[in-house]
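Enquirer:
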Amino acid sequence: MVRRIDVTGATGVRLAAWEFGDPPKPDPNTDGNHRSPGVLLLHGLMGRASHWVSTARWLSARHRAVALDQRGHGQSEKPPQASYTREAYVEDAEAALEQLGLAPAVLVGHAMGALTAWQLAAKRPDLVRGLIISDMRASALGAASQREWEDWFRAWPVPFATLADVRKWFGEDDPWVERPSPARGAFYAEVMHECEDGWRPVFEPAQMLRSRETWVYDAHWEELAQVRCPTLVVRGLDGELGRAEAQEMVRVLPHGEYAEVADAGHLVHYDQPEAWRAAVEPFLNGVLTR
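The opening position of the sequence shown corresponds to residue 1 in my numbering, with each subsequent residue numbered one higher.
Printed below as a string of structure tokens:
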């Protein structure tokens with residue numbers, strides 16, 4: 001089962017939330033009013049809810065798991081560039097939790113989605129019972145990083161003639177690829193749509209850069225320290241979050257834990273779904289059964 005649920009985000013932006021599995025059956029040992037703990041899955045910059053399909057499906061056997069297309073992404077509304085602020089992303093996730101009836105929920109975030117998750121956990125601890133941070137740094141990345149991204153977007157050979165070309169470029173030919181990665185090619189193929197002249201991203205690159213510049217110049221350690229719920233920091237061994245920084249994040253968190261996934265890059269949950277599940281499921285089981 002795939003079900004779309006419309007959510008109204010900050011300033012009235014229309015957001016698409018997705019359930020990729022059947023809701024869990026009621027527990028026969030309860031009076032029927034017991035509600036399974038919820039999970040909200042937040043993708044990273046340029047991602048979309050469907051990147052969480054594998055995770056959402058195994059979660060949905062026991063819990064209600066919903067993935068959100070964040071503003072400017074997937075099938076959610078793509079408002080004017082000025083609307084891409086940290087506050088807007090956080091308020092969108094807050095609205096989703098409340099309108100979907102998931103709270104207090106576990107937030108699972110990848111990259112930018114993880115930052116949104118921990119900022120929301122710091123702001124509204126009443127809505128969040130647990131948090132998973134996947135491959136997101138708390139340190140400032142700086143102006144050089146933003147310039148690199150601007151150059152990278154300009155290097156994309158859009159439009160792509162076919163989806164096979166998308167997979168090949170992002171999986172093999174992209175200068176940022178150190179070794180062939182079919183998973184990376186498939187990841188980016190999911191964020192393309194067919195236009196009259198070929199395949200283009202479903203998002204506007206300028207809006208992605210605007211979203212990114214609202215957080216790359218700042219460090220986010222202070223907000224991390226304000227997260228009071230149990231939190232798991234996960235990194236792929238070949239990802240963007242280094243081991244030393246990840247372990248410092250765990251130290252700063254009042255209730256932090258650490259896990260790493262071998263043979264995985266930045267796209268941990270997408271790159272190595274079985275190893276990702278093995279890394280996070282024990283933590284989720286502990287938090288969701290409390």
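Ideal placement from N, C-alpha and C gives every residue a C-beta, glycine not left out.
So, do the segment 104 to 112 and the segment 79 to 88 have three or more beta carbon pairs nearer to each other than 8 Å?
Expert: With a cut-off of 8 Å, the segment 79 to 88 and the segment 104 to 112 do not count as touching, because too few Cβ pairs lie within range.
Enquirer: State buried or exposed for residue 269, treating a residue as buried only when at least 16 other CB atoms are found within 10 Å of its CB.
Expert: So residue 269 counts as buried.
Enquirer: Are the Cβ atoms of residue 139 and residue 245 separated by less than 8 Å?
Expert: In this structure, residue 245 lies closer than 8 Å to residue 139 by Cβ.
Enquirer: Apply the 10 Å Cβ neighbour rule to residue 30 and answer buried if 16 or more other Cβ atoms are within range, or exposed otherwise.
Expert: Confidence at residue 30 is low in this model, with a pLDDT of 48, below 50, so its placement is unreliable and the value that follows should be read with caution. It counts as exposed.
Enquirer: Hey, residue 216 and residue 142 are a contact pair by Cβ (cut 8 Å); roughly how many whole angstroms apart?
Expert: About 7 Å; that satisfies the 8 Å criterion.
Enquirer: Could you check whether the segment 248 to 262 touches the segment 225 to 236, counting it as contact only if at least three pairs of C-beta atoms, one from each stretch, sit closer than 8 Å?
Expert: As far as the Cβ criterion goes, the segment 248 to 262 touches the segment 225 to 236, which means the pair count is three or higher.
Enquirer: For residue 241, count the other beta carbons within 10 Å of its own beta carbon; 16 or more makes it buried, fewer makes it exposed. Which is it?
Expert: By the 10 Å Cβ count, residue 241 comes out buried.
Enquirer: If distances are taken between C-alpha atoms only, which option among 145, 92, 170 and 163 comes closest to residue 155?
Expert: Nearest option by C-alpha distance: 170.
Enquirer: Rounded to a whole number of angstroms, what is the C-alpha to C-alpha distance between residue 262 and residue 274?
Expert: Each residue's alpha carbon lies about 11 Å from the other.
Enquirer: Could you tell me the alpha carbon to alpha carbon distance between residue 32 and residue 175, rounded to whole angstroms?
Expert: Low per-residue confidence applies at residue 32: pLDDT is 48, beneath 50, and the placement is therefore not dependable, though the value from the model is reported in the following sentence. Between residue 32 and residue 175, the C-alpha separation is close to 55 Å.
Enquirer: Assuming residue 93 and residue 40 form a contact by the criterion Cβ under 8 Å, report the distance between their Cβ atoms to the nearest whole angstrom.
Expert: Residue 93 to residue 40, Cβ: 7 Å. Contact.
Enquirer: Let me make sure I understand the geometry here. Which of 45, 77 and 21 has the alpha-carbon closest to that of residue 11?
Expert: Selected option, being the one with the closest Cα: 77.
Enquirer: In terms of residues, what are the limits of the beta strand (DSSP E) holding residue 44?
Expert: No beta strand (DSSP E) holds residue 44; DSSP gives it neither H nor E.
Enquirer: Could you compute how far the alpha carbon of residue 195 sits from the alpha carbon of residue 45?
Expert: Near 22 Å, if we compare the C-alpha coordinates of residue 45 and residue 195.
Enquirer: Taking residue 269 as part of the alpha helix (DSSP H), name the residues at either end of that continuous run.
Expert: Its alpha helix (DSSP H) spans residues 268 to 271.
Enquirer: In chain order, what are the residue ranges of uninterrupted beta strand (DSSP E) at least 3 long that sit wholly in the segment 102 to 144?
Expert: List check, beta strand (DSSP E) in window: 105 to 110 and 128 to 134.
Enquirer: For residue 157, would you say it is in contact with chain B, using Cβ-to-Cβ distances shorter than 8 Å as the test?
Expert: Looking at the structure shown, chain B is missing, and only one protein chain is on hand.
Enquirer: Residue 32 by DSSP, collapsed to three states: which one?
Expert: Residue confidence is low: residue 32 scores 48 on pLDDT, short of 50, so the model does not pin down where it sits. Its coordinate-derived value is still stated next. Looking at residue 32 - three-state DSSP - the assignment turns out to be coil, as it is neither helix nor strand.
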